[in-house]
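Residue numbers (this note's numbering), protein chains in the order written: chain A, 144 to 647; chain B, 195 to 592. Every residue, glycine too, gets a C-beta built ideally from N, C-alpha and C. Please read these numbers as outputs of a predicted model, since none were measured by experiment.
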Amino acid sequence: MRMSSEPIERRVSYLGDRLRANRCLICGKEYFEIRDYCGNCGRKSFGKMVNTDLFYEKGKLELCTLVNEPTNKFTKLGSYIYGTASFHDCKIRVPGRLTDRTAMCNEDVDFSTLEGREVVPRFRRRYSVDKNDVIPTISLAFTFADEYYPHQEYQIIKPKKEYDSPGIVGYGVYTSRFRIREGNIERSVPFIDEDAITAAVEAGKLALIHSRVDNTSIGKIYVGSESNPYAVKPIASKVAQVLKLGEENEDVQGVDAIDMEFACKAATSMFKDAAALVDYPKSNIKHAMVIGTDNSQAAPRDCPGGELDLFVGYGAAAFIFGKQDVIAEIEGWYSCTSDTPDFWRRDGEPHPMHGGRFTGDPAYFKHVRTSAKKLMERLNLQVGDVDYFVAHQPNVQFPIRISKELGFKEEQYAPMLQVAKFGNTYSGASPIGLAAVLDIAKPDNRILIASYGSGAGSDAYSLITTNQILDKRQNQKMTIAYQAQNPFLEHVDYTTYRRLKQGM
Amino acid sequence: MPTRPTIVAVGRTKFGEHYEKEPETLIEEAWLKASMEANLERRDLEACYLSDYFLPITNKLGLEEGFLSELTELHVPMEVTRSFSSALSNACNAIQAGRYNTVLVGGIEKMTDRWDKIRDDLMLLEDPWSYYAGCTPEANHELMLRAYIKKHGITGQNQDTLNTALAQISVKNHLHGTKNEYAQYQRKITVEQVLNARKEAHRPLGLYDYAPISDGAAILILTSEEAAKKLATKPIYVLGLSSATDYLTYPAREDMTHFLVTQIAMKNALKMAAKKLSDIQLVELYDQSTVMEMISLEDMGFCKPGTAWQTIHENCLDYKGYYEIDGRKLFVNMSGGLKADGNPLGATGGAQIFEIVKQLRKEACDRQVNPDGELDCGCVLELEGFGTKGYVYILGRK
Numbered sequence: 144m145r146m147s148s149e150p151i152e153r154r155v156s157y158l159g160d161r162l163r164a165n166r167c168l169i170c171g172k173e174y175f176e177i178r179d180y181c182g183n184c185g186r187k188s189f190g191k192m193v194n195t196d197l198f199y200e201k202g203k204l205e206l207c208t209l210v211n212e213p214t215n216k217f218t219k220l221g222s223y224i225y226g227t228a229s230f231h232d233c234k235i236r237v238p239g240r241l242t243d244r245t246a247m248c249n250e251d252v253d254f255s256t257l258e259g260r261e262v263v264p265r266f267r268r269r270y271s272v273d274k275n276d277v278i279p280t281i282s283l284a285f286t287f288a289d290e291y292y293p294h295q296e297y298q299i300i301k302p303k304k305e306y307d308s309p310g311i312v313g314y315g316v317y318t319s320r321f322r323i324r325e326g327n328i329e330r331s332v333p334f335i336d337e338d339a340i341t342a343a344v345e346a347g348k349l350a351l352i353h354s355r356v357d358n359t360s361i362g363k364i365y366v367g368s369e370s371n372p373y374a375v376k377p378i379a380s381k382v383a384q385v386l387k388l389g390e391e392n393e394d395v396q397g398v399d400a401i402d403m404e405f406a407c408k409a410a411t412s413m414f415k416d417a418a419a420l421v422d423y424p425k426s427n428i429k430h431a432m433v434i435g436t437d438n439s440q441a442a443p444r445d446c447p448g449g450e451l452d453l454f455v456g457y458g459a460a461a462f463i464f465g466k467q468d469v470i471a472e473i474e475g476w477y478s479c480t481s482d483t484p485d486f487w488r489r490d491g492e493p494h495p496m497h498g499g500r501f502t503g504d505p506a507y508f509k510h511v512r513t514s515a516k517k518l519m520e521r522l523n524l525q526v527g528d529v530d531y532f533v534a535h536q537p538n539v540q541f542p543i544r545i546s547k548e549l550g551f552k553e554e555q556y557a558p559m560l561q562v563a564k565f566g567n568t569y570s571g572a573s574p575i576g577l578a579a580v581l582d583i584a585k586p587d588n589r590i591l592i593a594s595y596g597s598g599a600g601s602d603a604y605s606l607i608t609t610n611q612i613l614d615k616r617q618n619q620k621m622t623i624a625y626q627a628q629n630p631f632l633e634h635v636d637y638t639t640y641r642r643l644k645q646g647m
Numbered sequence: 195m196p197t198r199p200t201i202v203a204v205g206r207t208k209f210g211e212h213y214e215k216e217p218e219t220l221i222e223e224a225w226l227k228a229s230m231e232a233n234l235e236r237r238d239l240e241a242c243y244l245s246d247y248f249l250p251i252t253n254k255l256g257l258e259e260g261f262l263s264e265l266t267e268l269h270v271p272m273e274v275t276r277s278f279s280s281a282l283s284n285a286c287n288a289i290q291a292g293r294y295n296t297v298l299v300g301g302i303e304k305m306t307d308r309w310d311k312i313r314d315d316l317m318l319l320e321d322p323w324s325y326y327a328g329c330t331p332e333a334n335h336e337l338m339l340r341a342y343i344k345k346h347g348i349t350g351q352n353q354d355t356l357n358t359a360l361a362q363i364s365v366k367n368h369l370h371g372t373k374n375e376y377a378q379y380q381r382k383i384t385v386e387q388v389l390n391a392r393k394e395a396h397r398p399l400g401l402y403d404y405a406p407i408s409d410g411a412a413i414l415i416l417t418s419e420e421a422a423k424k425l426a427t428k429p430i431y432v433l434g435l436s437s438a439t440d441y442l443t444y445p446a447r448e449d450m451t452h453f454l455v456t457q458i459a460m461k462n463a464l465k466m467a468a469k470k471l472s473d474i475q476l477v478e479l480y481d482q483s484t485v486m487e488m489i490s491l492e493d494m495g496f497c498k499p500g501t502a503w504q505t506i507h508e509n510c511l512d513y514k515g516y517y518e519i520d521g522r523k524l525f526v527n528m529s530g531g532l533k534a535d536g537n538p539l540g541a542t543g544g545a546q547i548f549e550i551v552k553q554l555r556k557e558a559c560d561r562q563v564n565p566d567g568e569l570d571c572g573c574v575l576e577l578e579g580f581g582t583k584g585y586v587y588i589l590g591r592k
């Protein structure tokens, strides 16, 4: 039976992605599915049902069993724990599977040790479909709240301070729990039900949690990626719908959503657009979100383009721009572009090709050098005026070499070096470097970031942190350091890595 | 007093894998048996009520009514439902309303043609939200068992006993199946086999705890009391019938240790039949898994909640052919149940009714029951989905 009839898929995703629920104001009964009236209270409950959802909630795994012979569409998940999760003191109960767990089919699981533990919903692919079908997603996948992905409340607070110039008001980085370690480099590996879309949603969620801005105040979302599983269909629409960005009117979100592509600089390019938009008085947009997300693609090692397979990672970084409660103001920017074919992927091809030696000097170094230098010139900055330098990091050597060449000292560039922990997360790479710096920066620090996108171009920004960076830091448990050094990380071998990366 | 719907003839095929037979062949086979019993011709039928769960999917049929019309060369009213019990319920209503005097009720399923896709189909119809979340047809039964164990605080030695009791259900039903010429499995199994299958699967329930995937057909001829006099020497009356409905999403139901539909339908059917629970001498219940047989004994009222496993275990240690409950014999799943007889969804209820009719007519050969007192009254429980619908029929000789 084909299941990707679009209207059905739309309804299932609408409810299941966000875990939308409903509560009767008269009797308090809660329902997973959206309905206009309460079964207990009948007609008098019309207009007395309030929308709720479980998206940011913490539930409890009530019952579970092992599924080691899944139905056809779930076979790529191998074996997994399936059960029921209850929310709101058992007022609402949903089915769900535990995700992010490998190899269990031949284990005896003591279910009673799992039952009763707290779980958080995760936004994931639902099951496998044909290559031509709409990719189904769902948040009826759970992980334990005391493991890698902690439960965090999403509190919305009224802004305290208005700034003259726009800047970053919050950010979030999501990388998966799985890693592959080869030599000195560790890279994040998606679980099999993850892709660029799911990472974008998770990062956006974390950015909302960190910023505490109202999701309905976000007027535009830009998602930069080069591994969108669709050739035509935006990631941004999914993010907007799941995170309920903008005012919701019936089932349509009052937000502009757009996907961007420019290799690894698709996201950083839009920082200035987001900032300009929130600064433009007549736009009436308080916040704009920019996400860089990639399940970085690489051909298998023995194939053309396979050298990238040593460096690719998986992750996403989301930044919210606005003028209220800013944690880092934008001081200035400079972008440069040239038609340099150092890395490309033809339409319909699964893996990108790579210009080898060519990607260094005429590509990466030339563009990063140009944008960084030009911006410093424009702002009349010396190397010593910059507290932290962030560069795109396709491998370990390139960002160090360009930092040194520009004259930065190790203490200025070392904090941004994250590629050895997560791999090259393409559109998310320099944004993750920036997030790592924002995680540790003090107020009034100047951060210079220079991204790089093959094809080719670079965006340089100068940011100056504010006092509020310290206040907001406590809102986020999922910091870069937390994700890099986490006792729940699971390391996989090369075969497993290729399988997981291939996805469902 | 309105007329009582009366079963004058029953027929069925062997259940199992019939990959060489088309659905037409199967239903024809069942029809011939039933029509010979009542000495009826097709033209005598005033309406047909057919049930199937999957036929349009599994056999690429269009409207099943048209398929049946082509097969029978009949142009009478025909209705198609999901379960045999549902078809029978419609037929009973029509007979009682005086609309028809002689109707056919049939059930047909050909699940094995769908091969490995059947589990996805099944889940999608049974409980779509759970399916989206990764559920399998087996996982819901296992969750029910987990819920039961937790609710009743069954631990340690007691939990082992419960697990053994569930295995004994399967062993008992297989034993009954050896005496049923139509059963899918006509061989004995042992408690060790059941337990080992669970161990191999690393799950609470294993291969031998579940009813199989089956092909098959069943048919009965239903008439008014008056019409039955000409057609049958041993008419069987539908004394009570009732059904109930519950949420589609199993985890969304309040109590995951029971089927509310069984409880409601049983109560109402007994009331309609003006019978007490103790009047029921034999039962064909819906053992899609061993857990379901245990739960159903409680839901129907034969055992108190949380105790059926003890009753089963005690009775099966030295099994005499029936469960002894409160000093009375209760014959359960003499056909072999869904476990051994087979479970071709649309036809399953037909086989359950078939068994009770044969028993009440004392035509059940080796598996004929010998209850306390005169044989009089039997009961059928059929479920649709995972306890989404429940049908109870109380059949009697008088």
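Those residues of the segment 278 to 296 of chain A placed with their C-beta closer than 7 Å to a C-beta in chain B are Ile281, Leu283, ordered along the chain.
With its beta carbon less than 7 Å from one in chain B, A/Leu209 belongs to the interface. Legend: CB atoms of the segment 287 to 315 of chain B lying less than 8 Å from CB atoms of chain A belong to residues Asp310, Lys311, Arg313, Asp314, Asp315.
Relative to A/Arg236, the option among A/Pro586, A/Glu261, A/Lys203 whose CA is nearest is A/Lys203. Taken through DSSP and simplified to helix, strand or coil, A/Tyr625 comes out as helix. Leaving aside the five residues that flank A/Asn538 on each side, the residues in its chain whose CB is nearer than 6 Å to its CB run, in chain order, Phe454. DSSP, reduced to helix, strand and coil, places A/Cys184 outside both helices and strands of the structure shown, so it counts as coil. Put simply, the segment 335 to 350 of chain B does not touch the segment 275 to 287 of chain B. Fewer than three CB pairs are less than 8 Å apart. Comparing C-alpha distances from A/Lys516 to each of A/Leu613, A/Phe551, A/Asp338, A/Pro264 shows the shortest one belongs to A/Phe551. Under DSSP, the beta-bridge partners assigned to A/Gln467 are A/Glu305. Note: A/Thr208 is bridge-paired with A/Tyr225 in the DSSP secondary-structure output. Nearest to A/Ser319 by C-alpha distance, out of A/Glu393, A/Glu345, A/Lys301, A/Val312, is A/Glu345. Annotation for A/Asn249: no alpha helix (DSSP H) segment contains it, and DSSP assigns it neither H nor E. Taking a cut-off of 8 Å on C-beta distances, the segment 567 to 576 of chain B touches the segment 469 to 478 of chain B, as three or more cross pairs fall below it. Counting only runs of 3+ residues, the beta strand (DSSP E) found wholly inside the segment 409 to 447 of chain A occupies 430 to 438, in chain order.
In the DSSP annotation of this structure, B/Ser483 is not part of any beta strand (DSSP E), being labelled neither H nor E.
Among the residues of the segment 390 to 405 of chain B, those with a Cβ less than 9 Å away from any Cβ of chain A are Lys393, Ala395, His396, Arg397, Pro398, Leu399, in the order of the chain. Within the segment 316 to 330 of chain B, Leu316, Met317, Leu318, Asp321, Pro322, Trp323, Ser324, Tyr325, Tyr326, Ala327, Gly328, Cys329, Thr330 place their CB atoms closer than 9 Å to a CB of chain A, listed in sequence order.
Judged by DSSP secondary structure, B/Asp307 falls outside any beta strand (DSSP E); it is assigned neither H nor E. The alpha-carbon separation between B/Gly434 and B/Cys286 amounts to approximately 10 Å. Under the criterion of beta carbons closer than 8 Å, A/Gln561 and A/Gly576 qualify as touching, at roughly 6 Å. Excluding residues up to 5 positions away in sequence, Tyr376 lie with their Cβ nearer than 6 Å to the Cβ of B/Lys208 in the same chain. Judged by pairs of C-beta atoms under 8 Å, the segment 465 to 475 of chain B does not touch the segment 354 to 363 of chain B, as fewer than three such pairs exist. The DSSP-derived three-state label of A/Ala400 is strand. Within chain B, the residues whose beta carbon sits less than 7 Å from that of A/Lys216 are Asp314, listed in sequence order. Taken through DSSP and simplified to helix, strand or coil, B/Gly584 comes out as strand. Residues of chain B whose Cβ lies closer than 9 Å to the Cβ of A/Val155 are, in chain order, Pro322, Trp323, Tyr326.
A/Met496 has A/Trp487 as its beta-bridge partners, per DSSP. At the C-beta level, A/His231 and A/Val263 stay beyond 7 Å of one another. The C-beta of A/Val526 has fewer than 16 other C-beta atoms within 10 Å across all chains shown, which makes the residue exposed. Fully enclosed beta strand (DSSP E) runs of no fewer than 3 residues occupy 589 to 593, 600 to 608 of the segment 540 to 610 of chain A, in order along the chain.
Using a Cβ-Cβ cut-off of 9 Å, B/Ala421 is close to nothing in chain A; its nearest Cβ partner there is about 41 Å away. CA-CA distance, A/Gly326 to A/Gly347, rounds to 32 Å.
Here A/Asn392 carries a strand assignment [DSSP, helix/strand/coil].
Across the structure, A/Ala342 and A/Ser308 are spaced so that their CA atoms are roughly 30 Å apart. Rounded to whole angstroms, the separation of the alpha carbons of B/Gly521 and B/Asn564 is 15 Å.
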